[in-house]
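K.L.:
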Amino acid sequence: MTALHELLVQAAARLQAAGVHDEALAEVYTPRGIPLVKRAPALRPIGRAWRLGVVLVSVDGRLFTAAESTRAVEPKWFNHRSSEVEHRRIAQQAAHRGPFAEGDVVNFEVVELALDEASLRAGSGPLSIVDDTIMLRWAGHDLGLTPLDAYLDDRVSLLIGE
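If you count by this note's numbering, then the sequence shown holds residues 477 to 638, one letter each, in order.
#1: In the DSSP assignment, find the unbroken beta strand (DSSP E) run with E562 in it and report its ends.
#2: Between which two residues does the alpha helix (DSSP H) containing S600 stretch?
#3: Measure the C-alpha to C-alpha separation of G579 and D607 and round it to an integer number of angstroms.
#4: Answer yes or no: do R564 and A542 have a C-beta to C-beta separation smaller than 8 Å?
#5: By how many angstroms is the C-alpha of L501 removed from the C-alpha of F584?
#6: Considering only their Cβ atoms, is the gap separating P575 from P521 smaller than 8 Å?
#7: When the Cβ atoms of the stretch 564–573 are set against those of the stretch 543–551, are three or more pairs found closer than 8 Å?
#8: Who are the near neighbours of Q569 in its chain, counting only those whose CB is closer than 6 Å to its CB and skipping five residues on each side?
#9: Do you know whose CA, among A516, E499, L619 and E560, lies nearest F540's CA?
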């Protein structure tokens, strides 16, 4: 087990021990159906994780980018909808139809981050190595670069209430 993986597993263990509620992870797919009949998108569960700001950490030490999220509840109908509101309603409807508990937060279109040294040194995505320290970019500029271990400790402490 690498030091990075161990750091992520420890963060997840602290959250789990404190009873912090996790959220569902899902992938978007189009169910197979009758030819020429358009099917609504659906959400398939791929795991559970805790949201820690710009990343999600799973119990098994995987790290994901936080992307879109919705709640698994019956969507409401509104008149004069914008395309953004309609997009959110469709996502909420897919979560509600899926195998998620009522009211559960569902994160979808998440991307699992590569945790190997080559990927970290390349700096693709929000993780990079600077002076042998794993850094997380939580904002779009250099001021948003912070050591991952400090970021995780801060976010976990906030959720636990320490």
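Heads up, the beta-carbon is just placed ideally off N, CA and C, and yes, glycines get one too.
All of these numbers come straight from a predicted model, not from anything done at the bench.
P.N.:
The short version:
#1: As a position in the sequence shown, residue 562 is number 86, starting the count at 1. It is not in any beta strand (DSSP E) - E562 instead sits in the alpha helix (DSSP H) that spans S559 to R573.
#2: Along the sequence shown, one-based indexing puts residue 600 at 124. From DSSP, S600 is part of no alpha helix (DSSP H); its letter is neither H nor E.
#3: Looking up residue 579 in the sequence shown gives position 103. Looking up residue 607 in the sequence shown gives position 131. Using only the alpha carbons, I get a separation of about 43 Å.
#4: Stepping through the sequence shown from its first residue, residue 564 is reached at position 88. Stepping through the sequence shown from its first residue, residue 542 is reached at position 66. Not in contact: R564 and A542 (Cβ atoms no closer than 8 Å).
#5: As a first step, residue 584 must be located in the sequence shown, where it is residue number 108. As a first step, residue 501 must be located in the sequence shown, where it is residue number 25. Distance between the alpha carbons of F584 and L501 is about 6 Å.
#6: Here residue 521 refers to the residue found at position 45 of the sequence shown. Here residue 575 refers to the residue found at position 99 of the sequence shown. Cβ distance < 8 Å, so P521 and P575 count as in contact.
#7: yes
#8: If you number the sequence shown from 1, residue 569 lands on position 93. For Q569, where only same-chain residues beyond five positions count, the Cβ hits under 6 Å are P551.
#9: For this step, residue 540 is matched to residue 64 along the sequence shown. For F540, the nearest C-alpha among the options comes from E499.
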